[in-house]
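Chains as they are written, first to last, in our numbering: chain C, 147 to 412; chain B, 147 to 412; chain W, 147 to 412.
All C-beta atoms, glycine included, are put in the ideal place defined by N, C-alpha and C.
Everything numeric in this text was worked out from a predicted model, so none of it was measured.
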Amino acid sequence: MAMKHLISIDDAQINLLLNRASLIENKKIYLDHSRKILCNLFYEPSTRTSSSFASAMYKLGGKVISINDVNYSSVAKGENLEDTIRTMGTFCDAIVLRSRTAGEAARAAFVSEVPVINAGDGNGEHPTQTLADLYTIHKEFERLDNLTVTFVGDIENGRTVHSLDKALPDCEKHFIDTFDKSIWPASDVYYLTRVQKERGSEGSYRMRKEHIQHIPENAIVMHPFPRNEEIPTWFDNDPRARYFQQMRNGLIMRMAVLADIFSNEK
Amino acid sequence: MAMKHLISIDDAQINLLLNRASLIENKKIYLDHSRKILCNLFYEPSTRTSSSFASAMYKLGGKVISINDVNYSSVAKGENLEDTIRTMGTFCDAIVLRSRTAGEAARAAFVSEVPVINAGDGNGEHPTQTLADLYTIHKEFERLDNLTVTFVGDIENGRTVHSLDKALPDCEKHFIDTFDKSIWPASDVYYLTRVQKERGSEGSYRMRKEHIQHIPENAIVMHPFPRNEEIPTWFDNDPRARYFQQMRNGLIMRMAVLADIFSNEK
Amino acid sequence: MAMKHLISIDDAQINLLLNRASLIENKKIYLDHSRKILCNLFYEPSTRTSSSFASAMYKLGGKVISINDVNYSSVAKGENLEDTIRTMGTFCDAIVLRSRTAGEAARAAFVSEVPVINAGDGNGEHPTQTLADLYTIHKEFERLDNLTVTFVGDIENGRTVHSLDKALPDCEKHFIDTFDKSIWPASDVYYLTRVQKERGSEGSYRMRKEHIQHIPENAIVMHPFPRNEEIPTWFDNDPRARYFQQMRNGLIMRMAVLADIFSNEK
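See the structure below:
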């Protein structure tokens, strides 16, 4: 049974999606949804996420209607979220929704006649990011348990950190909210996130040589991007860097999610 | 003979388009215009109309270039409408034009080498909206004459009201520019439109129970959307509500219009 | 050997591209790149250029992700050009880049894993405009040497003028930076460009009857558009006017460039 909506990571059958993503990546299945239309409905702009979904849909053969800043567009002119969702649902086969407030994706799904995929609802969830992260880890270690994961950066406000933490219940986790601490615990995964520069001096938000020398050889370094100075660009060619692959994995996982959702239809 | 341009409802062969829309809706014809490119050229944003045309074009297999706010884009940098039209006509097979001033769509058609579809020219016309309205009424009553139609809302400034009124010469019409009047005349169609809130207190712009109890069982309630408070959301599930269907009919009618226009070519 | 990137006109095999454009225009070859995705990444808006590339890509059967004002979009949020390029390169098969500063296209190509096409980098180059100009001249005269070319308008700041000048080493060239001079030298090509109105009175930026009467019968008048008052609209139907054809040639040349770049892949 495929998903109807993807609002929370709890809606996702993770193993099924990891497997499907792997089949797609290794070209073991060919998908064609050339008569399907996806709507990217973004109440705040996120070119990265919007482009990733657009590319995923195109790679499935489909079409995309992109509304990249609903607030400045007429669809929202005195209109409640529910009417906008039902309107756009008339024109497309699935809606990718980026909204400003936690819970709005669930509200949208409640009235929508087409599947809704949550692409971030304020400080709520962003399940396809979490799935991309899980796929990246699983490709590396062939499991999602018995791993040590160290989160570094803005732990408190990090939506991606909270969601990934929740999705890895059987791992050992460390949380470090500063780059000042020069020794990071030995881990399989280092998950760095953006730090607001307003919180202090610039230098302290950068992964430095003294951190890197403690990162084990077989560990991986992830970052949901965009980055500020957390990771110096000279590290990009380090064999432990996985953030660009992580982005590519996000694309493949979004293909898997869309294919799953479209497979639902008779 | 198909239309060259669709500037005014007078350009449309209404019966032919109603028939073609019905064939499309009932999947009696399959259309493929996969090598055609449509340009949405919007001098003021209207995501709803733009998305409806984009979806229609995609469902015909075609491609879409969307320019959603020409005023902020470089195409208009010191450029007159005619040059912009001739430029965009170089890149596409038809232009959907939303402009600010009545008569601009006709000016565009005059110089354009590709068909121009008027998607609203200021307080002029918006013929595909009118065609969508006619299709909605025709689907319900199987005729466009000998019906009673009551227009409620902003009658004076309502472009959609004027156009639909003109397109229904053989119907009996009532015009009510307030929601305060608690008894509405018995009618087949109630066509509500948005009221500017600036004109008075909020409460008076809402269809209330005392209105609804006088709406006959077989009547339909339409609204070109977006709505403010004119129609309470609890009415959405009422069997007389037709505004979401009206939106879907708009999509089908736009497919019919595009197919008609493309059939013109050798 | 096809191009990897197109940053400067020096990267282009001009004869090969002129020939390929001609084959495309005369429908001697049919190209299908329906699984390819192009990204229009515009750091400043240019609807004309963006639409021309989108149309070219659509005519090759492909798909387009359009980011029309990166500065206002989240992709650039504290992100350097290199990260944005590598991010977008994850989602597409080629990037068309419009940037603000000379040299940025080369910087982008340096890190990009997909081909980069320079669609104007500040006062640097805009090679597909130059190729479109060359194609227009070549179609007319069947050669690119032994021609007399007169440039009129903003010579000093005209990126298109500099590039075309450089690309026609074996022609005789005249440069006129005012419209006041009433006699223009006899030439094969008159290449007019936009003049900033701030530089003086309006009247002096218009091609007038006394200029036109000296333009030989077999000469052509070009303009990269948009125009202000440099060319009066009544001249549009003159048999010597080539600026609308020039725009159409730009579309065909962009098809040739994209096809060349995609032919590079195994």
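* Could you tell me whether the stretch 169 to 177 of chain B touches the stretch 156 to 175 of chain W, using the rule of 3 or more Cβ pairs below 8 Å? => Contact fails: fewer than three Cβ-Cβ distances are below 8 Å.
* In its own chain, which residues sit with a C-beta less than 6 Å from the C-beta of leucine 397(W), not counting the 5 before and 5 after it? -> Result list for leucine 397(W): Ser198, Ser201 and Ala202, in chain order.
* Asked: Whose C-beta lies closer than 8 Å to the C-beta of lysine 412(C) among residues of the same chain, with five residues either side of it excluded?
  -> In this predicted model, lysine 412(C) has a pLDDT of only 47, less than 50, meaning its place in the structure is not dependable; the value taken from the coordinates is given anyway. Excluding five sequence positions before and after lysine 412(C), none of the CB atoms of its chain fall closer than 8 Å to its own CB.
* Which residues mark the beginning and the end of the beta strand (DSSP E) in which leucine 184(B) is found? -> Its beta strand (DSSP E) spans residues 183 to 188.
* **Inter-residue Cα distance where the pair is histidine 369(W) and threonine 274(W)** => In a straight line, the C-alpha of histidine 369(W) is about 15 Å away from that of threonine 274(W).
* Counting only the same chain and skipping the five closest in sequence on each side, list residues whose C-beta sits under 6 Å from that of glycine 268(B). => Excluding residues within five positions, the ones whose Cβ falls inside 6 Å are Arg246, Thr247 and Ala248.
* Could one say the Cβ of lysine 412(W) lies closer than 9 Å to chain C's Cβ atoms, at least one of them? -> Because lysine 412(W) sits at a pLDDT of 47, beneath the cut-off of 50, its placement in the model cannot be relied upon, and the following sentence gives the value as read from the coordinates. Any Cβ of chain C closer than 9 Å to the Cβ of lysine 412(W) would place that residue at the interface, and such an atom is absent.
* Determine which residues share a DSSP beta bridge with serine 212(C) and list them. => Residue pairing by DSSP places serine 212(C) opposite Asn186(C) in a beta bridge.
* To do: From the DSSP output, read off the bridge partner residues of alanine 200(C).
  => Listed as beta-bridge partners of alanine 200(C) by DSSP are no residues whatsoever.
* Can you pull the chain C residues whose beta carbon is under 9 Å from the beta carbon of cysteine 317(W), in chain order? => Within chain C, no residue comes near cysteine 317(W); the closest Cβ sits about 43 Å away, beyond 9 Å.
* **According to DSSP, residues forming a beta bridge with alanine 240(W)** => In the DSSP assignment, alanine 240(W) forms a beta bridge with Leu184(W).
* **Beta-carbon neighbours of glutamate 228(W), restricted to chain C and to distances below 8 Å** => Here the neighbours are Thr379.
* Asked: What is the DSSP secondary structure of lysine 412(W), reduced to helix, strand or coil?
  -> Reliability fails at lysine 412(W), whose pLDDT of 47 lies under 50, so the model's placement of it is uncertain and no value is given.
* To do: Could you check if arginine 354(B) is buried or exposed, using at least 16 other CB atoms within 10 Å of its CB as the buried criterion?
  => Per the 10 Å Cβ criterion, exposed.
* Could you check which residue in Asn264(W), Leu310(W) and Asn214(W) has the C-alpha nearest to that of lysine 150(W)? => Distance from the Cα of lysine 150(W) is smallest, within the candidate group Asn264(W), Leu310(W) and Asn214(W), for Asn264(W).
* Asked: Going along the stretch 194 to 206 of chain B in order, which residues come within less than 7 Å of chain W, judged by CB to CB distance?
  -> Those residues of the stretch 194 to 206 of chain B placed with their C-beta closer than 7 Å to a C-beta in chain W do not exist.
* In chain C, which residues lie with their C-beta within 8 Å of the C-beta of leucine 397(B)? -> Within chain C, the residues near leucine 397(B) are Thr236 and Phe237.
* Asked: With respect to the alpha helix (DSSP H) encompassing lysine 319(B), which residues constitute its N-terminal and C-terminal limits?
  -> Judged by DSSP secondary structure, lysine 319(B) falls outside any alpha helix (DSSP H) and instead within the beta strand (DSSP E) spanning 318 to 322.
* Asked: According to DSSP, what are the bridge partners of isoleucine 366(B)?
  -> Its beta-bridge partners are Val335(B).
* To do: Evaluate tryptophan 380(C) with the Cβ neighbour count: other Cβ atoms within 10 Å of its Cβ, from every protein chain shown; 16 or more gives buried, anything less gives exposed.
  => Under the 10 Å beta carbon count, tryptophan 380(C) is surrounded by fewer than 16 other beta carbons and is classified as exposed.
* If you compare alpha carbons, which of Ile213(B), Thr195(B), Ser196(B) and Ile183(B) is closest to glycine 207(B)? -> Nearest in C-alpha terms to glycine 207(B), of all of Ile213(B), Thr195(B), Ser196(B) and Ile183(B), is Ile183(B).
* To do: For leucine 293(C), name the three-state secondary structure that DSSP assigns.
  => Note: leucine 293(C) maps to coil in three-state DSSP.
* With DSSP as the reference, label leucine 152(C) as helix, strand or coil. => Here leucine 152(C) sits in strand by DSSP.
* Less than 8 Å between the CB atoms is what I'm expecting for lysine 319(C) and valine 295(C), so what's the real figure, rounded? => Lysine 319(C) to valine 295(C), Cβ: 5 Å. Contact.
* Whose C-beta lies closer than 7 Å to the C-beta of isoleucine 301(W) among residues of the same chain, with five residues either side of it excluded? -> Around isoleucine 301(W): Val307, Phe321 and Asp323.
* Where do the N-terminal and C-terminal ends of the beta strand (DSSP E) with asparagine 264(B) fall, by residue? -> Start and end: 262 to 267.
* If we call anything under 9 Å between Cβ atoms a contact, is phenylalanine 371(C) one with aspartate 229(W)? -> Contact flag set, yes.
* Asked: Under a CB-based cut-off of 9 Å, is proline 261(C) close to chain W?
  -> With 9 Å as the cut-off, proline 261(C) does not count as an interface residue toward chain W.
* Asked: Within this structure, are the beta carbons of valine 403(C) and leucine 163(C) separated by less than 9 Å?
  -> Their beta carbons are under 9 Å apart, which means valine 403(C) touches leucine 163(C) by this criterion.
* To do: Pull out every residue of the stretch 239 to 255 of chain C whose Cβ sits closer than 9 Å to any Cβ of chain W, in chain order.
  => Closer than 9 Å at the C-beta level to chain W, one finds no residue of the stretch 239 to 255 of chain C.
* Listing by chain order, which chain W residues have their CB less than 7 Å from the CB of isoleucine 231(B)? -> Here the premise fails: no neighbours, minimum Cβ distance about 11 Å.
* Tell me whether phenylalanine 325(C) is buried or exposed, calling it buried when 16 or more other Cβ atoms sit within 10 Å of its Cβ. => That one is buried.
* To do: Would you check if the distance between the CB atom of lysine 254(B) and the CB atom of isoleucine 241(B) is smaller than 9 Å?
  => Reading off the sequence shown, one finds alanine at residue 254(B), where the question assumed lysine. For alanine 254(B) and isoleucine 241(B), yes; Cβs fall inside 9 Å.
* Asked: Would you say proline 370(C) reaches chain W, if we count a Cβ-Cβ gap shorter than 9 Å as a contact?
  -> Not closer than 9 Å to any Cβ of chain W, the Cβ of proline 370(C) fails to qualify, so no.
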